[in-house]
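There are 2 protein chains.
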Amino acid sequence: MATAARWGALVPTGRELRSIREGALYHAAAVAFLKNGYHGTTLDDIAAALGVKKATLYHYVRNKQELLFRCHMAASDVTDEITRQIPTNGLTGLEKLQRALHGYLEALLGEESSNLIMIEESALTPENYVQVIARRDQFQAVLLGFVKEGLADGSISTGDPKLALFAILGGINWTQKWYRAGGPWGPGKIAEGIVRQMVRSIAADPDKALSA
Amino acid sequence: MATAARWGALVPTGRELRSIREGALYHAAAVAFLKNGYHGTTLDDIAAALGVKKATLYHYVRNKQELLFRCHMAASDVTDEITRQIPTNGLTGLEKLQRALHGYLEALLGEESSNLIMIEESALTPENYVQVIARRDQFQAVLLGFVKEGLADGSISTGDPKLALFAILGGINWTQKWYRAGGPWGPGKIAEGIVRQMVRSIAADPDKALSA
């Protein structure tokens, strides 16, 4: 990869530029897939949304399927980073869950999101599908761990932890279906409200959860 | 429409038979659309799932688009019936909401469901889209009315009622994404657990909501 001449720290390196362009590409693709479905979207549509030629996209991905796969992988990179930043000690299970879900939902609604949680995964090839689901399962396993911690430390009260987590994730993921950027509430405020409410559904002390 | 000879009340009339067949058709179509998407499904697939010839389907619908539309309309007929059965007096807003959501989710997961809530509506023609969304909005307006009643009678505690309802509907609708018939818990038990938890997220007295 060619490295651009640097003008102090203000000018990104070639590697940084590529990463910025990839992010923009994945986001544009995710927006198109969410709006028109995978089969209803062409690489031409995505190139047009970015204001570049279709040939330019081939410097980054081989085809539409790889682009769909990369969107999912980029979204999993984000969730990995969010859970990595939750401290192991000093927080209840409920607090850890709340932090992780807040970071997750804020990223899901953010301007750089390439998260395709609302899309059927059936458009992925079997090999790609396996990898996407494995990484999503990994994220859910971390969240489920927080729920179980909360049950053990008394901050969470629920029957089946997995069922409870699925219900909460539903309330959160569904936001992608109705949220439109540019409304009166930004991603941060929406994320705070939704996550607080969802966490309250299993909080041992719901009033405390509401003011957390 | 031809009316079959009746053998007491045990033998359905021609009209009843047609209604049963339509229900089976919409359900088979919904299952296929949910699994493979609208564009990834053919009328041949649906006919095969029902064990009939494709030509037979044309006695019921003109094309795949009409079938998609009918699935949505049939699902709205179900939700209309559910909300119609909620008594106006003698229940708090929270209790009305809980009853309506329980009926809705049980139907959504049921063996006769033709609800396509998880599918992008982008596959509908603009004229059909307007009708589908209008009826869905009608259902949401009834639910929102229950939330507001609950705020007024003190059974519900929440900030923005619409945001709160969207979060709850997310937790409920999302069930269609992960629920598979034939698991250890049937639709009734899943619906009870999920709805109880979701309603708890905005209940003024969460412990009461849990045991409702």
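First to last, the protein sequences are chains H and V.
So in the numbering used here the end of the first sequence lands on 1624, straight run, no missing numbers.
So in the numbering used here the end of the second sequence lands on 1624, straight run, no missing numbers.
The beta-carbon is built from N, C-alpha and C at its ideal position, and this holds for glycine as well.
N- and C-terminal bounds of the alpha helix (DSSP H) containing residue i
| i | result |
| --- | --- |
| Arg-1511(H) | 1505-1521 |
| Val-1554(V) | 1538-1565 |
| Tyr-1438(V) | 1426-1448 |
| Lys-1465(V) | No alpha helix (DSSP H) holds Lys-1465(V); DSSP gives it neither H nor E. |
| Glu-1493(V) | 1476-1496 |
| Gly-1571(H) | Neither: Gly-1571(H) is in no alpha helix (DSSP H) and is coded neither H nor E. |
| Trp-1590(H) | 1587-1590 |
Beta-carbon gap between residue i and residue j smaller than 8 Å
| i | j | result |
| --- | --- | --- |
| Cys-1483(H) | Ala-1442(H) | yes |
| Val-1423(H) | Leu-1506(H) | no |
| Met-1530(V) | Lys-1589(V) | yes |
| His-1451(V) | Ala-1535(V) | yes |
| Ala-1512(V) | Ser-1567(V) | no |
| Ser-1488(H) | Arg-1548(H) | yes |
| Gly-1449(V) | Gly-1605(H) | no |
| Leu-1509(V) | Leu-1555(V) | yes |
| Ile-1494(V) | Gly-1515(V) | yes |
| Ile-1545(V) | Glu-1533(V) | yes |
| Ala-1579(H) | Gln-1609(V) | yes |
Between the CA atoms of residue j and residue i - distance to the nearest angstrom
| i | j | result |
| --- | --- | --- |
| Asp-1619(V) | Val-1607(V) | 14 Å |
| Gly-1522(V) | Gly-1583(H) | 21 Å |
| Ser-1526(H) | Ile-1614(V) | 31 Å |
| Ile-1602(V) | Ser-1431(H) | 43 Å |
| Pro-1538(V) | Lys-1447(H) | 14 Å |
| Val-1473(V) | Leu-1455(H) | 34 Å |
| Glu-1434(H) | Tyr-1470(V) | 47 Å |
| Phe-1445(H) | Val-1490(H) | 19 Å |
| Ala-1553(H) | Thr-1587(H) | 21 Å |
| Glu-1524(H) | Leu-1479(V) | 36 Å |
| Phe-1481(V) | Ala-1436(V) | 15 Å |
| Ala-1460(V) | Tyr-1591(H) | 38 Å |
| Leu-1581(V) | Leu-1528(V) | 14 Å |
| Lys-1466(V) | Ala-1486(V) | 21 Å |
| Ala-1416(H) | Val-1542(V) | Bear in mind that the predicted position of Ala-1416(H) carries a pLDDT of just 48, short of 50, making it too unreliable to give a figure here. |
| Leu-1559(V) | Ala-1421(V) | Checking the sequence, you will find Val at residue 1559(V) rather than Leu. Distance between the alpha carbons of Val-1559(V) and Ala-1421(V) is about 42 Å. |
| Ile-1458(H) | Ala-1593(H) | 19 Å |
| Leu-1563(H) | Asn-1585(V) | 26 Å |
| Arg-1496(V) | Thr-1468(H) | 56 Å |
| Thr-1453(V) | Pro-1596(H) | 39 Å |
| Asp-1565(H) | Gly-1557(V) | 38 Å |
Residue i - DSSP class collapsed to helix/strand/coil
| i | result |
| --- | --- |
| Ile-1458(H) | helix |
| Ile-1529(V) | coil |
| Ala-1421(V) | helix |
| Ala-1616(V) | coil |
| Glu-1524(V) | coil |
| Gly-1605(V) | helix |
| Gly-1594(H) | coil |
| Pro-1599(H) | helix |
| Val-1625(H) | Look at the range of chain H in this structure, 1413 to 1624, and you will see that residue 1625(H) is not part of it. |
| Gly-1583(V) | helix |
| Thr-1415(V) | In this prediction, Thr-1415(V) scores a pLDDT of 47, lower than 50, which makes its location untrustworthy; the coordinate-derived value is nonetheless stated afterwards. Coil. |
Would you be able to state if there are at least three C-beta pairs under 8 Å between the stretch 1570-1587 of chain V and the stretch 1491-1501 of chain V? no
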